[in-house]
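Encoded as structure tokens, the structure appears first; notes follow it.
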Amino acid sequence: MNEYTYEVQVKAKTKEESIEKMQAICTLLDKLNEKELSKLAYIVKHDPIKTKMAKMALGV
């Protein structure tokens, strides 16, 4: 598989929070394929009920 490099900006209150966010994003990129990532992003952006249910299931 090819590797591509991107420059991103992360909104966070602290540097530690931004590092944690990037680590989480990298995990999602490694574990989910593009279709799964797109569906996840769509749900988070357009379906607040499913997003809230997922957060509750995750305990956050």
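Here the sequence shown is numbered in the numbering used here, starting from 322 and rising by one per residue.
Heads up, the beta-carbon is just placed ideally off N, CA and C, and yes, glycines get one too.
Using the C-alpha atoms, what's the distance from residue j back to residue i?
i	j	result
Ala345	Ala375	16 Å
Met377	Asn323	36 Å
His367	Asp351	24 Å
Met343	Pro369	23 Å
Taking the Cβ atom as the reference point for each residue, do residue i and residue j lie within a distance shorter than 8 Å?
i	j	result
Val329	Ser339	no
Considering only residues of the same chain and omitting the five flanking positions on each side of residue i, which have a CB-CB separation below 8 Å?
i	result
Lys371	Ile364
Tell me which residues share the same chain as residue i and place their Cβ nearer than 6 Å to its Cβ, disregarding the 5 neighbours each side in the sequence.
i	result
Gly380	none
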